[in-house]
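Numbering (the working numbering), first residue to last: 9 to 69. We put the CB at the ideal spot given by N, CA and C, even for glycine. Note that the structure is predicted; figures quoted are calculated from it, not measured. I have placed the structure first, in the form of structure tokens, so that the comments after it can refer back to it.
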């Protein structure tokens, strides 16, 4: 699977990686390489979440 990742340098000098196709999926790193490693992990978690990743929610009455 090919997923488009955009890497930019943030105001703080860190590299920020984001995936436009996966809303809210982003990560960062001190280097471009570290940002890419981190975004791969974020993509894996986004596409295959664990039950513990979800917060309980009660419907309002």
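- Its chain contains 25, 35, 36 and 37 as the residues whose beta carbon lies nearer than 8 Å to that of residue 46, once the 5 sequence neighbours on both sides are disregarded; these appear in chain order.
- Looking at the backbone, the Cα of residue 43 and that of residue 22 are separated by about 8 Å.
- Counting every other CB atom within 10 Å of its CB across the protein chains shown gives residue 14 a total below 16, marking it as exposed.
- Bounds of the beta strand (DSSP E) holding residue 25 are 23 to 26.
- Shown here for residue 11: same chain residues with a beta carbon closer than 7 Å to its own, the five before and five after excluded, namely 27, 29 and 51 in chain order.
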